[in-house]
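For what it's worth, the numbering used here labels the leading residue of the sequence shown as -6, then goes sequentially.
For every residue, glycine included, the Cβ atom is placed at its ideal position computed from N, Cα and C.
Below is one structure, written out as structure tokens, with a few remarks after it.
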Amino acid sequence: MPITVPDFSAARVTVAGDVMLDEYWFGATRRISPEAPVPVVHVGADEVRPGGAANVAVNVAALGAQTALTGVIGADNAAGQLTTLVADAGIDPHFVADPSIPTVSKLRVLSRGQQLIRLDREEPVVRNATLGPALESLLGRTDVLVLSDYAKGALHDVGDLIALAKRQGVPVLVDPKGTDFARYRGATLLTPNESEFEAVAGPSSSDDELVERARALATDLDLEALLVTRSERGMLLIERAEPEPFFLSTVAREVFDVTGAGDTVIATLAAALAARLTRREASLLANLAAGLVVRKIGVATVTPAELHDALHQRGTGGRGVQDSASLVIARAAAQEAGQRVVMTNGCFDILHAGHVAYLEEAKSLGDRLIVAVNDDASVRRLKGQDRPINPLDDRLAVLAGLAAVDWVVPFSADTPAALIEAVTPDVLVKGGDYAVDEIVGGAHVLANGGEVRVLAFRPGRSSSRIIDAIRGS
């Protein structure tokens, strides 16, 4: 199933759950303390990051979705730090303050890439601290709700929160904790890892048994779907309305650190669903994101540019025929990744060796090549009523199959001026005997710091010559 990276900017996701502050101290270890048989760490750097449900929200925001976050915090310095961190990440915080407890925080001391000790500061959230009122104010502007459970007590009334969201028609995704999955009855989708799933549903000796147990659990808990993450074996998506299971193979080639991978999975899944992808499409994108994040050290996020690039390298959805809106998104992702985008245009009616050489030369001027193609009506206006020989869909398909071409996009106007202005490539290329100031869109590209190049066509090779030869024979 091909997938594309959607425009997340209109997607609205609210995350609720156990928020925490993750603090890291880094330093060298050169000796053992004379006071006790423990290493002495000379702290040289420190860092604070949003953790728990807050890390899920950071992952959602990194994709460009509109993100709100609620959770229980104390009235301490960690609460202020956490609030500032999430706001700086573009997240709208709606925390519930409880002065009787500390903000959950975890201090990790690391040396030479190894964690030496973790110090936790936490108290169970008192049961009168509920996220209900904060959620009720947010659900009216939320497409998807994520409940991130780290068993710190913020979701002690999770059943009431699920019911609240369902009354407002908001789908609920839950990253569960513990073995009492009955607490999440009625949620839209759960995302346990395989060990968490088997602790509740029992071990499975085969994929068939895993599917059977997953279907039984989904039915018992009145879930619409269940996504089981299986580490190096990928994922399994069960949908009650779909008779066939959906297995996803792993996409990670190298695994450096699985910390936070579950947060990335549910965050990407939520953002993709809020952007109107199907569950299967969203699961594919979440699987891809997980494969990227485990190649990074520590808790990390994935950006749309990284997803675009990964799809492009796999050739399974990040390249080929695009509409203008999708192309603008792909171009922005390439720009964010520091890639130089080249654009050219033409009819490309009967593709020949001259076209191929020209496109390869154009691609050599950058990292990504866009080919804008006249639709059939505009070709007739330019070339006459007996053209094109090949219809638009065929011309697009043939161009998309060339190794040099990354994206192909049709346009219906007599010139691609509006499309060029929307894309604003780094390099605009035209073939033939043109002056730079004669090239449509050239002034716009130059005004935005780009470059305009004229490439020579290969002599003796043209679509018209081929057509005339065929007619003559």
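Cβ separation of GLN161 and LEU132, assumed to be a contact under 8 Å, to the nearest whole Å: Between GLN161 and LEU132 a beta carbon distance of about 5 Å is seen, short of the 8 Å cut, so the two are scored as contacting.
Residue nearest to ALA350 in terms of C-alpha spacing, selected from ALA192, PRO27, ALA449: With distances taken between Cα atoms, ALA350 lies closest to ALA449.
Candidates ASP173, VAL137, ASN121: closest to ALA144 by CA position: Checked all of ASP173, VAL137, ASN121; the closest Cα to ALA144 is ASP173.
GLN315, buried or exposed, once every other Cβ within 10 Å from all chains shown has been counted against 16: With 16 or more other Cβ atoms within 10 Å, it is buried.
C-alpha gap between ALA(-2) and LEU124, whole angstroms: It should be pointed out that residue -2 corresponds to Val in this sequence rather than to Ala. Straight-line spacing of the CA atoms in VAL(-2) and LEU124 works out to 32 Å.
Residue span of the alpha helix (DSSP H) that contains THR212, given as start and end: For THR212, the enclosing alpha helix (DSSP H) begins and ends at 200 to 213.
Rounded C-alpha distance that separates ARG134 from ALA147: The alpha-carbon atoms of ARG134 and ALA147 are separated by roughly 22 Å.
Same chain only: Cβ atoms within 7 Å of ASP426, ignoring 5 sequence neighbours per side: Nothing meets the Cβ criterion.
Buried versus exposed, by CB contacts within 10 Å (16 or more), ARG105: Exposed, by the Cβ-count rule.
Beta carbon of SER276 nearer than 9 Å to that of LEU230: For SER276 and LEU230, yes; Cβs fall inside 9 Å.
Beta-carbon gap between LEU62 and ILE94 smaller than 9 Å: Contact flag unset, no.
Residue from VAL366, THR222, PRO409, VAL416 whose Cα sits closest to the Cα of VAL401: Checked all of VAL366, THR222, PRO409, VAL416; the closest Cα to VAL401 is VAL366.
Three-state class that DSSP yields for VAL248 in the structure shown: Residue confidence is low: VAL248 scores 49 on pLDDT, short of 50, so the model does not pin down where it sits. No coordinate-derived value is stated.
Under 9 Å between C-beta atoms of LEU358 and ARG223: The answer is no: Cβ separation not under 9 Å.
Run of the beta strand (DSSP E) containing GLN107, from where it starts to where it stops: For GLN107, the enclosing beta strand (DSSP E) has its first and last residue at 107 to 114.
Touching by the beta-carbon criterion (3+ pairs, under 8 Å), the stretch 369 to 385 and the stretch 436 to 445: Short answer: they don't touch.
Close-in-space but distant-in-sequence residues of the same chain around LEU112 (CB under 6 Å, 5 per side omitted): Excluding positions up to five away in sequence, the list reads LEU100.
Length of the line joining the Cα atoms of GLU191 and LEU183: So the two alpha carbons sit approximately 14 Å from each other.
Which listed residue (THR212, TYR17, GLU116, ARG269) has its alpha carbon closest to that of ALA38: Here the closest residue by C-alpha is TYR17.
Bridge partners - ALA61, DSSP secondary structure assignment: In the DSSP output, where bridge partners are listed per residue, ALA61 has THR7, ASP85.
Start-to-end residues for the beta strand (DSSP E) that takes in PRO126: Counting along the chain, PRO126 falls outside any beta strand (DSSP E), though it belongs to the alpha helix (DSSP H) covering 125 to 131.
Residue range of the unbroken alpha helix (DSSP H) whose run includes PHE190: Start and end: 187 to 194.
Distance between beta carbons of ALA90 and ALA54, contact taken as under 8 Å: The Cβ separation is near 22 Å, so there is no contact.
Whole-angstrom distance between SER141 and ARG176, CA atom to CA atom: Cα-Cα distance, rounded: 13 Å.
Within-9 Å CB hit, LEU300 to chain C: Among the protein chains of the structure shown there is no chain C, as only one such chain exists.
Candidates LEU285, GLU235, GLU299, HIS301: closest to ARG273 by CA position: The residue with the shortest Cα to Cα distance from ARG273 is GLU235.
DSSP state of PRO164 mapped onto helix, strand, coil: Secondary structure of PRO164 (DSSP, three-state): coil.
Beta-carbon gap between PHE341 and ARG380 smaller than 9 Å: No; because the gap between Cβ atoms is not below 9 Å, this pair is not in contact.
Status (buried if at least 16 other CB within 10 Å, exposed otherwise) for ALA82: Buried, by the Cβ-count rule.
ASP369 versus GLU40 - alpha carbon distance: Our two residues, ASP369 and GLU40, have alpha carbons roughly 58 Å apart in a direct line.
Reduced DSSP secondary structure (H/G/I, E/B, other) of THR22: Correct three-state label for THR22: strand.
Rounded Cβ spacing between PRO297 and ILE363 (contact assumed at less than 8 Å): At roughly 18 Å, the Cβ-Cβ gap does not stay under 8 Å, so PRO297 and ILE363 are not in contact.
Enclosing alpha helix (DSSP H) for ILE363 [first to last residue]: That residue, ILE363, is in no alpha helix (DSSP H); its beta strand (DSSP E) goes 361 to 367.
First and last residue of the uninterrupted beta strand (DSSP E) at LEU421: Note, LEU421: beta strand (DSSP E), 420 to 424.
Alpha carbon of ALA265 to alpha carbon of LEU56, nearest angstrom: Distance between the alpha carbons of ALA265 and LEU56: 9 Å.
Whole-angstrom C-beta distance between ALA267 and ALA4, which should lie under 8 Å: Contact between ALA4 and ALA267 holds, with the beta-carbon distance rounding to 4 Å and staying under 8 Å.
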